[in-house]
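Please read the structure below before turning to the comments.
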């Protein structure tokens, strides 16, 4: 667990009751969820891990919109997970840290995380775990608020300070480099939502041999 994990868990336990408000979902989460759904429909995975699943809104939607996919939701916050279980009793909900996912190697076809990755202080550690639980060729989709747009910078300086200000915010290039160094091939990065306030990064899990070859070239 990262040093920030207990603080993040307490933060979201506290804010779980307002997480589902219509305005927040419409402005911040819906554009990211739409992008994730589109990617998963094209990939047609059987097993999906929603890392940082919150109250289960995306996981519940994936069960309906990306059939016959089975979705496992994982989150640090029990407050969030309780709401997820109430929303979607059919779901599989796990409390866990992104640095120690409670799953075996290579058991999922896709890992998605929406508006949560910036709360992980050890980005490469989390990406290594995502790669571990993904099968080779599996899909990774990360949707993360871009704090450098006018809208999000204003929110972070005001009402959103407690939540958004708790995050660690890589640039697009930094995120791409982290993902590429963790056993993935980055396919695309694009902005979604009003003025592109969320960046969606899509990547594919590479074979171990491919990763080793790339690392040797980098070292040489």
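Residue numbers (our numbering): 3 to 222. Here a beta-carbon is modelled for each residue, glycine too, at the ideal position from N, C-alpha and C. Quick caveat, the model's predicted, so the values are computed rather than measured.
Task: Exposed unless 16 or more other CB atoms sit within 10 angstroms - verdict on residue 99 - done: buried
- [ ] Pick helix, strand or coil for residue 52, following the three-state DSSP scheme.
- [x] strand
- [ ] Determine contact between the segment 111-118 and the segment 84-97, defined as no fewer than three beta-carbon pairs at a distance below 8 Å.
- [x] no
- [ ] Would you kindly report the start and end of the unbroken alpha helix (DSSP H) that includes residue 124?
- [x] Element bounds for residue 124: n/a, residue is neither H nor E.
Open item on the list: According to DSSP, simplified to helix, strand and coil, what is residue 137?
Closed with: strand
Open item on the list: For the beta strand (DSSP E) containing residue 72, name the first residue and the last one.
Closed with: 72-77
Open item on the list: Give me, in chain order, the residues of the same chain whose beta-carbon lies closer than 7 Å to that of residue 139; leave out the 5 immediate sequence neighbours on both sides.
Closed with: 206 and 207
Open item on the list: residue 75 and residue 52 - do their beta-carbons sit closer together than 8 Å?
Closed with: yes
Task: Spatially closest choice to residue 141 from 32, 170 and 39, by CA coordinates - done: 39
Open item on the list: Here's the rule: buried if 16 or more other CB atoms are within 10 angstroms of the residue's CB, otherwise exposed. What is residue 133?
Closed with: buried
Task: Span of the alpha helix (DSSP H), counted from its first residue to its last, around residue 87 - done: 80-89
TODO: Could you tell me the distance, in whole angstroms, from the CA atom of residue 58 to the CA atom of residue 79?
DONE: 12 Å
Open item on the list: Which residue marks the beginning of the alpha helix (DSSP H) containing residue 65, and which one marks its end?
Closed with: 59-67
- [ ] With distances taken Cα to Cα, identify the nearest neighbour of residue 65 among 180, 54 and 48.
- [x] 48
Open item on the list: Taking the straight line between their C-alpha atoms, what separation do you get for residue 62 and residue 135?
Closed with: 21 Å
TODO: Could you give the DSSP three-state label for residue 96: helix, strand or coil?
DONE: strand
Task: Same chain, Cβ closer than 8 Å to residue 126, five either side skipped, listed in chain order - done: 180, 183 and 184
- [ ] List the whole-angstrom C-beta distance separating residue 201 from residue 148, where the pair is believed to meet the contact cut-off of C-beta under 8 Å.
- [x] 5 Å
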